[in-house]
Structure formats: structure tokens, C-alpha cells
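For reference, the structure is listed below as C-alpha cells.
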Amino acid sequence: MKSRIIVETYVKVFDGFVDIFEFQGEERRLDQIEGALVLSINGKSLIDQSMFDYVDDLWSYLSEGLLKVSEGQAFSCFFPDQPIEVKLTPANGRLQVSVNCHSEVSVAADKDEFVRVMSEHARKFFTRLQEIEPGAKGTCDYALGHLNKIRR
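In the numbering used here, each residue carries its 1-based index in the sequence shown increased by 282.
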């Protein structure tokens with residue numbers, strides 16, 4: 283069954299974005315990686331490229347949140363450098379995913395599917411990030427530590 287959850291991660295390059303898995307640039311040697319997370323669930327866009335921020339930090343926050351949600355706990359965080367809030371609220375096998383950027387957009391998803399799709403993408407993201415930015419190893423190890431505690 284094709285997932286109804288679509289998640290993508292982009293690196294900001296000049297005035298545009300490149301999918302992190304297609305990025306062929308030089309090692310960036312930056313403390314933080316500017317980019318965008320794109321998330322839609324059941325055709326409803328929750329996060330788009332206009333909400334770009336530091337994707338390494340954002341994925342690190344979300345990795346902690348995925349672990350909490352997998353354990354049945356609610357989670358919320360703000361984007362690293364923008365007043366955009368993400369809330370994940372589990373109940374009865376479902377998950378309410380809400381993003382507040384100027385106004386709140388919210389959608390319900392299957393909790394297990396959300397955790398599986400997001401954590402798989404996050405693992406791939408952090409593996410790829412270590413390839414293009416070896417200096418991000420600490421952030422990657424921290425986030426992968428959370429992701430590896432999620433029961434698959």
C-alpha cells in the first residue's frame with residue numbers, strides 16, 4: 283500500500299532547493315544546514331519549502347518527537363529559527379499532526395504509519411547528512427540515538 287504520507291528534505295542552494303539525496307555540492311562546513319522539510323498527509327500540505335529553516339536541527343527535534351509519539355506521548359516543538367510550531371498528539375492509534383505558521387493546519391494520520399515513514403526518512407536524512415557534512419556527526423549520532431530506540 284502506498285503511503286499517504288509524503289516527506290521530503292531539501293538543502294537550500296543560493297535561491298533554490300535541491301533534494302538532499304541528489305545534492306552534489308561541496309562539503310559545506312556549516313554549523314547548521316539551511317533547507318526545507320516538505321510534509322503532506324492525505325493530500326494536505328502541512329509544511330512546504332516557504333517554511334525553510336535549519337533542517338538538521340529541525341530533523342533532530344522531530345527525531346526526539348517521533349520517539350515520544352511511538353511511546354504514546356504528545357510532542358511539540360518550534361522550528362529552530364522561525365515561530366512555526368509542530369504538534370503531534372497521539373490518541374487511539376491515530377495521530378493529530380498540527381503545524382501553526384500564521385494559521386494552524388491539522389490532519390489526522392495513522393500513528394504507526396506516521397512514525398514508520400518519518401523515522402525511515404529521518405534515518406536516511408542523517409546518514410546522507412554525515413556524507414555531505416562530516417562535521418554534523420554529533421547531531422546525527424544524537425538524532426539516530428532517538429530513532430534507534432523506536433520499535434520497528
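A virtual CB, placed ideally from N, CA and C, is assigned to each residue, including glycine.
Give the DSSP-derived three-state secondary structure of residue i in the structure shown.
i       : result
Ile-302 : coil
Ala-356 : coil
Gln-378 : strand
Mind checking whether residue i and residue j have CB atoms under 8 Å apart?
i       : j       : result
Ile-352 : Ile-414 : Sequence inspection shows Ser at residue 352; the Ile mentioned does not correspond to that position. Going by C-beta atoms, Ser-352 is not nearer than 8 Å to Ile-414.
Asp-392 : Arg-405 : no
Lys-369 : Ser-358 : yes
Val-289 : Ala-318 : no
Leu-426 : Ser-401 : no
Ile-263 : Val-389 : Residue 263 falls outside the range modelled here, since the chain spans only 283 to 434, and no answer is possible.
What residue does the beta strand (DSSP E) around residue i start on, and which one ends it?
i       : result
Lys-294 : 287-295
Glu-367 : 367-373
Asp-392 : 385-392
Glu-316 : 316-323
Ser-327 : 326-329
Relative to the C-alpha of residue i, which residue among the options is closest?
i       : options                      : result
Leu-411 : Arg-286, Ile-288 and Tyr-292 : Tyr-292
I think residue i touches residue j, with their Cβ atoms under 8 Å apart; what is that distance to the nearest whole Å?
i       : j       : result
Ile-366 : Met-333 : 6 Å
If you follow the alpha helix (DSSP H) that residue i is part of, which residue opens it and which one closes it?
i       : result
Asn-430 : 419-430
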